[in-house]
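The block underneath contains the structure these notes are about, expressed in structure tokens.
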Amino acid sequence: MHFVIMGCGRVGSSLARALERRGHDVAVVDQDETSFARLGPTFEGRTVTGIGFDRDTLHEAGIENAYAFAAVSSGDNSNILAARVARETFGVEHVVARIYDPGRAEIYQRLGIPTVATVKWTSDQMLRRLLPEGHLPEYTDPSGRIVIAEVAVSPTWIGKPLRAIEAATGSRVAFFTRLGEGSLPDADTILQEGDLVHLAIVRDNLAEVERTLDSAPAVSD
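Basically my numbering = 1-based index in the sequence shown + 562.
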């Protein structure tokens, strides 16, 4: 799959190399051409010098074919603007923005853009929001059999009750995050746009659960 990353600082370069190691095609955008040196001599992806929210720059980076877009520059406003352009103008479904001010997270979540605050940032968190499968668990029980993982849910599930997700996957919704705040679901909780769903799953079933939720729900759900 093709990924576009805006920002080639320590975070962006690390993310680009991690995605390339997983076999994906990566394009990195940055205003400073010298920043691409952080990618190292073995990086085979595309580098584009320009402003990450400029449409021509994004075209050059192959945004039309992008599975996901990550905005990880040093500016909150630039990251959110670029993320909105990627989603609203080019229709990229999987978009995530890095922020420096955690207080803005709620505003960004209302725009339907998952965010990762610098104070709690790890490459694993960013990858979990970009990759369709292979999410790293957030919690594993001592036996290693049960995990809690944030699993991407197709927009076709929006408006469905969370119990429909449980029925379709055989998992349990441990909690969900809405507008940056974690909550426990009840029997009538409905999935809304921007919600992040954290499931308790048997580890061996994780890949199958991810595939199920990446597809549209059955008509009977």
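Just so it is clear, CB atoms sit at the ideal spot from N, CA and C, and this is done for glycine as well. Fair warning: this is a prediction, and the values are worked out from it, not measured in the lab.
Item	Value
Can the beta-carbon of V657 be found less than 8 Å from the beta-carbon of A630?	yes
Quick one: is S733 buried, meaning 16 or more other Cβ sit within 10 Å of its Cβ, or exposed?	buried
Nearest-angstrom Cα distance between T739 and T596?	38 Å
Helix, strand or coil: which one does DSSP assign to R707?	coil
Using only the alpha-carbon positions, how far apart do V681 and I752 sit?	Bear in mind that a pLDDT of 43 at V681, under 50, signals an unreliable position, so the model cannot answer this.
Determine, using beta carbons only, whether V634 and M568 come nearer to each other than 8 Å.	yes
Between the C-alpha atoms of A645 and T651, what's the straight-line distance to the nearest angstrom?	10 Å
Tell me which residue opens and which closes the beta strand (DSSP E) that R608 is part of.	608-611
Need the endpoints of the beta strand (DSSP E) that I763 sits in, please.	758-764
Exposed or buried, what is N641 when buried is set at 16 or more other beta-carbons lying within 10 Å of its beta-carbon?	buried
Taking the beta strand (DSSP E) that D618 falls in, what are its first and last residues?	First-last for D618: 617-622, but that is the alpha helix (DSSP H), not the beta strand (DSSP E).
From E728, P747, N639, R579, pick the residue whose C-alpha is nearest to that of I661; which is it?	N639
List the residues that DSSP assigns as beta-bridge partners of S745.	F738
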